[in-house]
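Engineer: Before I ask anything, let me first share the structure, which is written out below as structure tokens.
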Amino acid sequence: MLDRIDLQVEVTPVPFKDVSTDDPGESSQQIRSRVLAARERQRLRYERTEIYCNAQVPGPFLRTWCKLDAEGQKVLTSAMDRLGLSMRAHDHLLKISRTIADLAGSDPIRHEHLSEAIQFRGLDREGWAV
17 MLDRIDLQVE VTPVPFKDVS TDDPGESSQQ IRSRVLAARE RQRLRYERTE IYCNAQVPGP
77 FLRTWCKLDA EGQKVLTSAM DRLGLSMRAH DHLLKISRTI ADLAGSDPIR HEHLSEAIQF
137 RGLDREGWAV
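In this text, residue positions in the sequence shown follow this note's numbering: the first is 17, and each later residue adds one.
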């Protein structure tokens with residue numbers, strides 16, 4: 017069942033020292049701007065299709081719009097082997113990586129985008145509920 021969920025994140029309490037800092041972090045307006053820019057990238061990418069967003073990209077088109085460089089391919093292969101991920105999880109990782117790259121304003125999916133996506137598949141790891 018977990019294999020069908022795109023983002024799987026275990027939420028832990030934030031230490032007080034992390035919320036009592038003077039660093040305001042990214043504002044809601046800045047985040048909103050990044051999300052709108054990412055949505056526009058997706059709109060332009062898929063404008064001649066019936067696809068609206070990265071989550072809707074069907075399997076056959078993943079190789080077209082979610083290409084990985086050699087380093088990204090090594091990271092993905094390692095994660096697939098180490099975590100024993102299914103092909104469904106593989107496809108989720110590519111779509112999530114594409115979205116992270118879009119939020120970063122990057123056309124290519126870089127290995128750091130893929131690494132971040134793997135972190136969002138936290139419940140795929142053995143012993144997560146222990």
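Using N, Cα and C, we set each Cβ at its ideal position, and we do this for glycine too.
If G75 and D107 are in contact, beta carbons under 8 Å, what's the gap, nearest whole angstrom?
Structural biologist: That pair is a contact at about 6 Å.
Engineer: So the alpha helix (DSSP H) F136 belongs to, where does it begin and stop?
Structural biologist: It is not in any alpha helix (DSSP H) - F136 carries neither H nor E in the DSSP assignment.
Engineer: Would you decide whether G88 is buried or exposed? Buried here means 16 or more other CB atoms lie within 10 Å of its CB.
Structural biologist: Answer is buried; the Cβ neighbour count reaches 16.
Engineer: Which residue's Cα is closest to the Cα of M96: R114, A133, I125 and L60?
Structural biologist: The shortest Cα separation from M96 among R114, A133, I125 and L60 belongs to A133.
Engineer: Rounded to whole angstroms, what's the CA-CA distance from S44 to Y62? Just pull it up for me.
Structural biologist: Approximately 27 Å, taken between the alpha carbons.
Engineer: Can you round the beta-carbon distance between L130 and L84 to whole angstroms, since I take them to be within the 8 Å contact cut?
Structural biologist: L130 to L84, Cβ: 7 Å. Contact.
Engineer: Can you give me the Cβ contacts of Q58 inside the same chain, cut-off strictly under 7 Å, excluding the 5 residues immediately before and after it?
Structural biologist: Contacts found: C69, N70 and D118.
Engineer: What's the gap between the Cα of R79 and the Cα of Q46?
Structural biologist: Going by the C-alpha atoms only, they are around 31 Å apart.
Engineer: What residue range is occupied by the uninterrupted alpha helix (DSSP H) comprising I47?
Structural biologist: S44 to R61 is the extent of the alpha helix (DSSP H) around I47.
Engineer: Please confirm whether L12 and C82 have their CB atoms less than 7 Å apart.
Structural biologist: The requested residue 12 is not part of the displayed model; the chain covers only 17 to 146.
Engineer: Using C-beta distances below 8 Å, list every residue in its chain close to D34, excluding the 5 sequence neighbours before and after it, in chain order.
Structural biologist: Closer than 8 Å at Cβ, skipping near neighbours: no residue.
Engineer: Look at the alpha carbon of S36 and the alpha carbon of L92, and state the distance between them as a whole number of angstroms.
Structural biologist: Their Cα atoms are separated by approximately 37 Å.
Engineer: With a 10 Å radius around its C-beta and 16 neighbouring C-beta atoms as the bar for buried, classify S102 as buried or exposed.
Structural biologist: Label assigned to S102: exposed.
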